[in-house]
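Each residue of the sequence shown is one higher than the one before, starting from 1 at the first, in the UniProt record's numbering. Glycine included, C-beta positions come from ideal geometry on N, C-alpha and C. Because the structure is a prediction, the values reported are computed rather than measured.
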Amino acid sequence: VTDRPCDASPPDALSRALVEHRLELGLRAIDGLLTCGEGQRIGIYGEPGGGKSTLLAQLVRGAAVDVVVVGLIGERGREVRDFIETQISPQVRQRTVLVVATSDRPAVERMKAAMTATAIAESFRDEGLKVLLVMDSVTRYARALREIGLAAGEPPTRRGFPPSVMAELPRLMERAGPAARGSITAFYTVLFEGDGAGDPVAEETRGILDGHIILSPKLAGSGHYPAIDVLTSRSRVMEAVAAPAHRAQARRVRDLLARHAEIEFLVQVGEYRRGVDPLNDLALDRIEDIRAFLRQASDDHTGFGEMLSRLGRLAA
1 VTDRPCDASP PDALSRALVE HRLELGLRAI DGLLTCGEGQ RIGIYGEPGG
51 GKSTLLAQLV RGAAVDVVVV GLIGERGREV RDFIETQISP QVRQRTVLVV
101 ATSDRPAVER MKAAMTATAI AESFRDEGLK VLLVMDSVTR YARALREIGL
151 AAGEPPTRRG FPPSVMAELP RLMERAGPAA RGSITAFYTV LFEGDGAGDP
201 VAEETRGILD GHIILSPKLA GSGHYPAIDV LTSRSRVMEA VAAPAHRAQA
251 RRVRDLLARH AEIEFLVQVG EYRRGVDPLN DLALDRIEDI RAFLRQASDD
301 HTGFGEMLSR LGRLAA
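Rendered as structure tokens:
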């Protein structure tokens with residue numbers, strides 16, 4: 001056992017390894033259309049109760065990694081026990097480290113919990129292991145920083161957040177990523193209301209991270225889980241880690257989704273005319289198959305080969 005600071009500095013930019021290898025997560029919507037890489041840092045954005053915790057549990061169960069580090073920052077005490085007992089199996093718990101600071105704990109403890117979870121992930125990465133770091137949520141980490149900053153006399157600036165909060169967010173998130181031997185792939189949840197416009201934490205983290213997954217209240221309300229809005233979500237490393245054929249199929253399916261979104265209102269009011277645009281007709285014919293591909297039960301894990309086969313049929 002070695003001692004290491006929980007508030008370490010991010011690695012030097014020129015010493016970082018490149019994100020070159022895909023990470024299989026077992027979720028068709030992400031593996032197929034938002035392919036992630038080993039060492040990538042991704043934000044999961046959504047409203048409270050929008051399915052973030054369920055999605056994180058699916059990632060913890062399905063990720064092809066050696067170790068999982070989960071930081072539950074500012075969560076309700078009931079949800080912590082529920083996550084441990086019901087969301088992850090005993091087999092997954094054997095490779096999982098949990099760092100918890102519930103909402104009733106002091107702000108300094110909540111801040112330190114996020115840093116400690118990152119330090120533990122760094123320790124495993126230094127051993128050459130593939131690590132999945134999951135933090136729920138970085139918004140509550142930012143709120144803890146706000147409490148500390150305001151108590152220290154800092155002026156509130158962006159929506160009540162003092163300047164130190166925006167300085168500390170990149171210091172925490174830049175610590176994740178690939179190294180010469182191991183890697184830390186990190187998923188951070190960000191809470192916001194509505195479309196998130198004007199939310200300083202959401203705006204700041206989008207500029208820091210390598211991708212964003214947007215959860216849709218409309219999809220969640222219709223029972224479509226994971227409630228990922230594929231058209232507004234992006235993985236910035238997909239071009240580097242996915243094969244050309246895979247990328248072409250993903251673009252095709254995304255195009256069909258976009259076309260259906262454009263004509264959906266016309267279909268609902270009975271004004272859509274078939275035969276005018278063959279691609280729009282195809283989008284209408286395949287939308288249910290695409291939705292079935294994107295929906296996935298919490299205990300369902302799809303291998304990468306099977307996912308590619310299904311994606312290929314949708315794009316044909």
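Quick one, which of the options has its alpha-carbon nearest residue i's?
i           : options                        : result
Leu284      : Met166, Leu257, Ser103         : Leu257
Arg181      : Glu20, Arg4, Asp7              : Glu20
Glu203      : Ile148, Gln296, Ile184, Pro170 : Pro170
Glu264      : Ala242, Glu75, Glu288, Ala243  : Glu288
Phe124      : Gly198, Gly303, Leu231, Ala176 : Ala176
Val92       : Leu132, Ser309, Phe187         : Leu132
Arg54       : Phe293, Ile84, Cys36           : Here residue 54 turns out to be Thr, not Arg, going by the sequence shown. Among Phe293, Ile84, Cys36, the Cα nearest to that of Thr54 belongs to Ile84.
Ile290      : Gly312, Asp300, Glu271, Pro278 : Gly312
Ala292      : Leu279, Ala242, Leu219         : Leu219
residue 381 : Arg259, Ala121, Gly221         : No information on residue 381 is available, as it lies outside the stretch 1 to 316 that the chain covers here.
Arg206      : Phe304, Val230, Ile42, Gly160  : Ile42
Gly305      : Gly198, Ala242, Ile213, Glu147 : Ala242
Arg286      : Asp300, His301, Gly303, Arg310 : Arg310
Gly198      : Gly160, Pro90, Ile148, Ile73   : Gly160
Are the Cβ atoms of residue i and residue j separated by less than 7 Å?
i      : j      : result
Ala240 : Ala17  : no
Ala248 : Val201 : no
Thr50  : Leu215 : Rather than Thr, the amino acid found at residue 50 in this sequence is Gly. Yes, the Cβ-Cβ distance between Gly50 and Leu215 is below 7 Å.
Val253 : Leu314 : yes
Ala107 : Cys6   : no
Gly211 : Arg236 : yes
Gln40  : Thr185 : yes
Ala29  : Ile228 : yes
Val134 : Thr96  : no
His224 : Arg295 : yes
Gln87  : Ala57  : yes
Glu271 : Pro10  : no
On the criterion of 16 or more Cβ atoms from any shown chain inside 10 Å, does residue i qualify as buried, or is it exposed?
i      : result
Ala167 : exposed
Glu38  : buried
Leu266 : exposed
Leu31  : The sequence given here places Asp at residue 31; Leu does not occur at that position. It is buried - the Cβ of Asp31 has at least 16 other Cβ atoms within 10 Å.
Ala261 : exposed
Ser137 : buried
Ser233 : buried
Pro48  : exposed
Arg4   : exposed
Leu14  : exposed
Glu75  : buried
Pro244 : exposed
Gly71  : buried
Ala297 : exposed
Pro226 : buried
Ala152 : exposed
If residue i and residue j are in contact, beta carbons under 8 Å, what's the gap, nearest whole angstrom?
i      : j      : result
Arg110 : Arg140 : 7 Å
Phe192 : Leu59  : That belief does not hold up - the Cβ atoms of Phe192 and Leu59 are roughly 20 Å apart, past 8 Å.
Leu27  : Gly62  : 6 Å
Leu34  : Met238 : 7 Å
Leu231 : Arg259 : Wrong, their Cβ atoms sit about 11 Å apart, outside the cutoff.
So, for residue i: in the same chain, excluding its five sequence neighbours on each side, which residues have a beta-carbon less than 7 Å away from its beta-carbon?
i      : result
Leu145 : Met111, Ser164, Val165, Glu168
Thr116 : Cys6, Val99
Lys130 : Glu38, Val65, Asp66, Gly182, Ser183
Leu150 : Pro156, Pro162
Glu127 : Gly182
Leu25  : Asp31, Cys36, Leu59, Gly62, Ala63
Closer than 8 Å by C-beta to residue i: which residues in its own chain qualify, once you throw out the five before and the five after it? Chain order, please.
i      : result
Asp281 : Arg274, Gly275
Arg158 : Met166, Pro200
Asp104 : Gly77
Within a Cβ cutoff of 6 Å, which residues of the same chain sit near residue i, ignoring the five residues on either side of it in sequence?
i     : result
Lys52 : Ile44, Gly46, Thr189
Gln94 : none
Gly77 : Thr102
7 Å is my cut-off, CB to CB: does residue i come that close to chain B?
i      : result
Arg313 : Within the model displayed, chain B is absent; a lone protein chain is all it includes.
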